[in-house]
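So in my numbering the end of the sequence shown lands on 1534, straight run, no missing numbers.
For glycine and all other residues, C-beta sits at the position ideal for the given N, C-alpha and C.
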Amino acid sequence: MTEVQLQEFKLEPDSELRFEVESKNEKVVLEVKSGYAELFGTELVKGKPYEFHTGAKVAVFTWHGCTVELRGRTEVSYVAKETPMVIYLNVHAALEQQRVAAEQENTRGPVTMIVGPGDVGKSTLTRLLLNYAVRMGRRPIYVDLDVGQGHISVPGTIGALLVERPASIEEGFSQQAPLVYHFGHKSPEENIELYNTIVSRLAEVIAERCENNRKASTSGVIINTCGWIKGAGYKVLTHAAQAFEVDVILVLDNERLYNELKRDMPNFVKVVYLPKSGGVAERSAAQRAEGRDARIREYFYGRRTPYYPHSFDVKYSDLKIYKVGAPSLPDSCMPLGMRAAEALTKLVSVAPAPALQHRLLAVSFANEPDDHVPHCNLAGFVCVTAVDPERQVMTILSPQPRPLPNTVLLLSELQYMDNH
Ligand code: ATP
1115 MTEVQLQEFK
1125 LEPDSELRFE
1135 VESKNEKVVL
1145 EVKSGYAELF
1155 GTELVKGKPY
1165 EFHTGAKVAV
1175 FTWHGCTVEL
1185 RGRTEVSYVA
1195 KETPMVIYLN
1205 VHAALEQQRV
1215 AAEQENTRGP
1225 VTMIVGPGDV
1235 GKSTLTRLLL
1245 NYAVRMGRRP
1255 IYVDLDVGQG
1265 HISVPGTIGA
1275 LLVERPASIE
1285 EGFSQQAPLV
1295 YHFGHKSPEE
1305 NIELYNTIVS
1315 RLAEVIAERC
1325 ENNRKASTSG
1335 VIINTCGWIK
1345 GAGYKVLTHA
1355 AQAFEVDVIL
1365 VLDNERLYNE
1375 LKRDMPNFVK
1385 VVYLPKSGGV
1395 AERSAAQRAE
1405 GRDARIREYF
1415 YGRRTPYYPH
1425 SFDVKYSDLK
1435 IYKVGAPSLP
1445 DSCMPLGMRA
1455 AEALTKLVSV
1465 APAPALQHRL
1475 LAVSFANEPD
1485 DHVPHCNLAG
1495 FVCVTAVDPE
1505 RQVMTILSPQ
1515 PRPLPNTVLL
1525 LSELQYMDNH
């Protein structure tokens, strides 16, 4: 059933209004009329209209009570009194105590990793804890290891961001100067060796940066992870925990994972079980694909603030395109002294061809195609919008005007159809 037009909700303290915008090209405007409310930890300004578009699944929470108005078509809209927000707030308070202790003792603030299966609200809890920290005057580091969604850059990457102000309601955390590494696939499963390599590298770089930034170091790190938690997925998680030397693991809604981590983590790592919110919506494979597409579109064209990308032709001969990971062969077939796994982080040259149409290319900071390329962070992304084998040129969509920097381009499995 679709509800239309104007709806007003009176929320009691400790309750939340949940709504979803599903119909195509629909827009819902939210406004707080009185009282105080927040959205995943960001305070809403009274009387200010906030727009939500197709695919948005939103919860407006209030600690003190408020009146909220919604204008437009919502697929679902209801007020929930049962939420895990008090438990999440207690987690924040415990992390805050550790930050205070870190300040006093001149040590590192808490490094927290959030884990759990798909659709339990990991990204939402990450955002909430970062927002609460920054509202207390902290400068935490946000790490996203979820290559399937790509909250910091585009899907197929992992990255980190210094959070200096709360997430914008409509656009999320400010994307200034993120540290991003190329993976090139939607799941760590596609190349576990490469995934672990870049996770270790990201952890190393963050540790170095924290040495030079006392404020960030005491504020700590919050790490969002993928929903792949079984078998090799579990090993990937424990590797990340080790690489980042985590202090706290928050396990959302999965007792088996909680027990496994309790058993396998050293004693100094606190493993905490948390319930998921009843509001977290499950997403179908199609909705996830749409989400990925929207993320890439946003990268090139912006969301609320529009960006104007450039489109230009580049000659085949001017492109240095590689993919990471040679096909894996048994150890016995490898050159002397090389393990099969090592091939998975090696560069393989890719010849420009029509098959590359719609593919994303990561623009590396590396100039030369050597073994260190996977360890180098990215300057950004371009997309191949057309290929002309006769003229031997590719048309490139790029956030920067021509020319393309003369660096290594890394082929991603992700595609984007530019029909803007
Ligand atoms: P994945 O593993 O797929 O990345 P996740 O565990 O990180 O998923 P989220 O992305 O945090 O899950 O949440 C899934 C969806 O549910 C999001 O669209 C989010 O906006 C929505 N959501 C989260 N919490 C609530 C809530 N309390 N009420 C309504 N919607 C919510």
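Assigned exposure category for Q1119 - 16 Cβ within 10 Å defines buried
exposed
Would the stretch 1424 to 1443 and the stretch 1282 to 1292 be scored as touching if the rule is three or more Cβ pairs under 8 Å?
no
Length of the line joining the Cα atoms of P1519 and Y1387
47 Å
Does the beta-carbon of R1132, which I'm using as the reference point, lie nearer than 7 Å to any heavy atom of the ligand ATP?
Because some heavy atom of the ligand ATP lies under 7 Å away, the Cβ of R1132 counts as near it: yes.
8 Å Cβ cutoff met for T1339 and L1243
no
Is it buried or exposed, E1117, if we count other Cβ atoms within 10 angstroms and call 16 or more buried?
Here E1117 scores only 48 on pLDDT, less than 50, and its place in the model should not be relied on; the value that follows carries that caveat. By the 10 Å Cβ count, E1117 comes out exposed.
On the DSSP bridge assignment, give the partners of H1424 in chain order.
S1512
Of the residues A1395, V1365, E1359, R1402, which one's Cα is nearest the Cα of F1382?
Looking from the CA of F1382, the closest CA among A1395, V1365, E1359, R1402 belongs to E1359.
Tell me whether A1395, by its Cβ, gets closer than 7 Å to a heavy atom of the ligand ATP.
yes
So G1230 and D1367 are in contact, right, with Cβ under 8 Å, and what is the actual spacing, rounded?
6 Å
Is the stretch 1486 to 1496 close to the stretch 1519 to 1532, with three or more CB pairs under 8 Å?
yes
At a cut of 8 Å, does the stretch 1320 to 1338 reach the stretch 1189 to 1204 through at least three beta carbon pairs?
no
Let me make sure I understand the geometry here. Which of I1343, I1510, V1172, P1503 has the alpha-carbon closest to that of K1141?
V1172
A1274 and V1257 closer than 8 Å at C-beta
The beta carbons of A1274 and V1257 sit closer together than 8 Å.
Just verifying my parser: in three-state terms, what is the DSSP assignment at E1117?
Note on E1117: pLDDT 48, under 50, position unreliable in the model; the coordinate value appears next. E1117 falls in the strand class under three-state DSSP.
What does T1156 pair with, by DSSP beta-bridge criteria?
L1153
Might you give, ordered along the chain, the residues of its own chain that have their beta carbon closer than 7 Å to the beta carbon of S1463, omitting 5 neighbours on each side?
Taken in chain order, the residues that qualify are Y1436.
Excluding the five sequence neighbours on either side, which residues of its own chain have a C-beta within less than 8 Å of the C-beta of R1222, listed in chain order?
A1216, C1324, S1331, T1332, G1334
Could you give the residue range of the beta strand (DSSP E) that holds C1180?
1180 to 1185
Between which two residues does the alpha helix (DSSP H) containing Y1415 stretch?
Unbroken alpha helix (DSSP H) run through Y1415: 1399 to 1415.
Might you give, ordered along the chain, the residues of its own chain that have their beta carbon closer than 6 Å to the beta carbon of D1298, omitting 5 neighbours on each side?
According to the sequence displayed, residue 1298 carries Gly and not Asp. Take G1298, set aside five residues on each side of it, and the residues of its chain with a beta-carbon closer than 6 Å to its own are G1270, S1526, E1527, in chain order.
Taking the DSSP output, what are the residues bridged to G1286?
S1282
Per DSSP, T1176 forms a beta bridge with which residues?
S1129
Give the range of the beta strand (DSSP E) segment to which T1499 is assigned.
1492 to 1502
Got a sec, what are the start and stop residues for the alpha helix (DSSP H) Q1356 sits in?
1346 to 1357
Identify which residue in M1227, L1158, L1276, E1165 has its Cα closest to the Cα of I1320.
L1276
Inter-stretch contact at 8 Å, needing at least 3 Cβ pairs: the stretch 1165 to 1183 / the stretch 1137 to 1151
yes
Exposure label - K1236; buried when at least 16 CB within 10 Å
buried
Could you have a look at D1258 and say whether DSSP puts it in helix, strand or coil?
Looking at D1258 - three-state DSSP - the assignment turns out to be strand.
Name, in chain order, the residues that DSSP records as bridge partners for K1171.
Note: K1171 sits in a beta bridge opposite E1134.
Kindly give me the distance between the Cβ atoms of L1541 and V1438, rounded to whole angstroms, as I take these residues to be in contact under 8 Å.
In the structure as shown, the chain starts at 1115 and stops at 1534, and residue 1541 therefore has no counterpart that could be examined.
Best match in N1481, V1501, A1480, F1495 for proximity to R1465 [C-alpha to C-alpha]:
One detail in the question is off: residue 1465 reads as Ala in this sequence, not Arg. The shortest Cα separation from A1465 among N1481, V1501, A1480, F1495 belongs to V1501.
Helix, strand or coil for S1314, going by three-state DSSP, please let me know.
helix
Roughly how many angstroms separate the alpha carbons of K1376 and K1162, rounded to a whole number?
45 Å
How many whole angstroms separate the CB atoms of V1313 and H1353, which I take to be in contact at a CB cut-off of 8 Å?
V1313 to H1353, Cβ: 7 Å. Contact.
Can you tell me whether V1522 is helix, strand or coil according to DSSP?
coil
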